[in-house]
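Novice:
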Amino acid sequence: MTNDIEQIDYNIIKLTKEHELSSFHCGLNDMDNFLKDDALNQQEDNINTTYLLIHENKIIGFFSLLADSINIKDIPKEYECSYKSFPAIKIGRLAIHEDYQKKGIGTKILDNICSEIKNISLKIGVKFITVDAYCKVRKFYYDNAFQHIKIERPEKLKRTAERNQKTTITLYKDLKRI
Numbered sequence: 001m002t003n004d005i006e007q008i009d010y011n012i013i014k015l016t017k018e019h020e021l022s023s024f025h026c027g028l029n030d031m032d033n034f035l036k037d038d039a040l041n042q043q044e045d046n047i048n049t050t051y052l053l054i055h056e057n058k059i060i061g062f063f064s065l066l067a068d069s070i071n072i073k074d075i076p077k078e079y080e081c082s083y084k085s086f087p088a089i090k091i092g093r094l095a096i097h098e099d100y101q102k103k104g105i106g107t108k109i110l111d112n113i114c115s116e117i118k119n120i121s122l123k124i125g126v127k128f129i130t131v132d133a134y135c136k137v138r139k140f141y142y143d144n145a146f147q148h149i150k151i152e153r154p155e156k157l158k159r160t161a162e163r164n165q166k167t168t169i170t171l172y173k174d175l176k177r178i
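Just so we're aligned, residue 1 is where the sequence shown starts under UniProt numbering, counting upward by one.
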């Protein structure tokens, strides 16, 4: 398998009950279990929508999207206004199959997601993209221009993250900066 992302073509398809999910493994049991056990039920309950990345009939990744909002007091003062919150779209989950990690697919799909959300913002009000990133992978989001929601006690978060890599931190990206 090549390391060149340009050589890996994939299609993005909405999850259905016909998809065989058992062979997907990203290295995080929580993410694998979400896809296999919860994604379709949550989609049917209109909580989120999950999309699969398909390469040569194999699921190489997935992501889910849902509505969100950001409380105005949780972001920098540059956004001060009379609103209490801003509309956002959350990337609920984003995972790449372990055989395809470190090939640029995560960054490529994140760019595609951000571009699609930017297009949606031309039709409905959306100011931010949010994600609750596992501390283990937050550097990926930092490298892709996401910022922290205001953290009251960063030293406590750091200690918690060191003890439990499943700890999540909310990050955001302003659509005007895409």
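Quick reminder that beta carbons are idealized off the backbone N, C-alpha and C, glycines included.
Taking C-alpha atoms, which residue in Glu20, His25, Leu15 lies nearest to Gln101?
Specialist: Answer by Cα proximity: His25.
Novice: Where does Gly106 fall in DSSP's three states?
Specialist: DSSP places Gly106 in helix when its eight states are reduced to three.
Novice: When you compare only the Cα positions, how much space is there between Ile89 and Lys173?
Specialist: When rounded, the distance between both Cα atoms is 10 Å.
Novice: In this structure, does DSSP put Asp4 in helix, strand or coil?
Specialist: With a pLDDT of 49 at Asp4, under the threshold of 50, the modelled position of this residue cannot be trusted; read the value that follows with caution. Coil at Asp4, not helix or strand.
Novice: Give me the Cα-Cα distance between Gly164 and Tyr134, rounded to the nearest whole angstrom.
Specialist: Residue identity check: residue 164 is Asn in the sequence provided, not Gly. Approximately 9 Å between the Cα atoms of the pair.
Novice: Return the residue from the list Ile178, Asp37, Tyr141 that minimises the CA-CA distance to Thr107.
Specialist: Ranking Ile178, Asp37, Tyr141 by Cα distance to Thr107 puts Tyr141 first.
Novice: Since I believe Leu40 is in contact with Leu66 (beta carbons under 8 Å), could you give me their beta-carbon distance rounded to a whole number of angstroms?
Specialist: Not really, about 14 Å apart at Cβ, beyond 8 Å.
Novice: So, Ile91 versus Ile149, is the Cβ gap smaller than 8 Å?
Specialist: Cβ distance not < 8 Å, so Ile91 and Ile149 don't count as in contact.
Novice: Less than 6 Å between C-beta atoms, sequence neighbours within five positions excluded: which residues of the same chain meet that for Phe146?
Specialist: If we look at Phe146 and ignore the five residues flanking it on each side, its Cβ neighbours are Leu171, Lys173.
Novice: Buried or exposed for Thr130, going by 16 or more other Cβ atoms inside 10 Å?
Specialist: So Thr130 ends up on the buried side.
Novice: Got a sec, what are the start and stop residues for the beta strand (DSSP E) Phe62 sits in?
Specialist: Residues 58–71.
Novice: Check this for me: beta carbons of Ile59 and His97, under 8 Å apart or not?
Specialist: Result yes, Cβ atoms of Ile59 and His97 sit closer than 8 Å.
Novice: Out of Ile120, Lys176, Tyr10, Ile151, which has the shortest C-alpha to C-alpha gap to Phe62?
Specialist: With distances taken between Cα atoms, Phe62 lies closest to Tyr10.
Novice: Provide the residue(s) that pair with Tyr51 in DSSP beta bridges, ordered along the chain.
Specialist: Paired residue(s): Lys14, Phe63.
Novice: According to DSSP, is Lys127 helix, strand or coil?
Specialist: Correct three-state label for Lys127: coil.
Novice: Which partner residues does Phe86 have in the DSSP bridge list?
Specialist: Ile70.
Novice: Our contact map puts Ser23 next to Lys36 with C-beta atoms below 8 Å; I'd like the distance itself, whole angstroms only.
Specialist: That pair is no contact at about 10 Å.
Novice: Checking 8 Å against the spacing of the C-beta atoms, do Lys118 and Phe86 come in under that value?
Specialist: No. Outside cutoff.
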